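Residue numbers (UniProt numbering): 1 to 84.
Here a beta-carbon is modelled for each residue, glycine too, at the ideal position from N, C-alpha and C.
Since the structure is predicted, the reported quantities are computational estimates derived from the model, not experimental observations.
Taking it in order: structure first as structure tokens, then the write-up.
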């Protein structure tokens, strides 16, 4: 049993890091979605993502993107799981 709140917080942080390592996901708390779409569809998808998860509430952003040789755009959107 934890003697101090700090002990409890440290134990919970260790468990969170361990769970993230076993799941193969970063332990930063963000949810990520990756897409590969034609340019116009990629733009529309990103706009819909920002409409659904506003940047101010979810810290949403396009984390990475690149243009593929065929002209498609590969990109990853990230956001926090919930907003207050």
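Among 13, 9, 40, nearest to residue 29 - alpha-carbon criterion:
13
Buried or exposed for residue 60, going by 16 or more other Cβ atoms inside 10 Å?
buried
DSSP on residue 4, reduced to helix/strand/coil?
coil
Measuring only the C-alpha atoms, how far is residue 48 from residue 65?
17 Å
Any idea which residues DSSP pairs residue 34 with across the strands?
76
Residues in its own chain within less than 8 Å of residue 9 by CB, not counting five upstream and five downstream?
none
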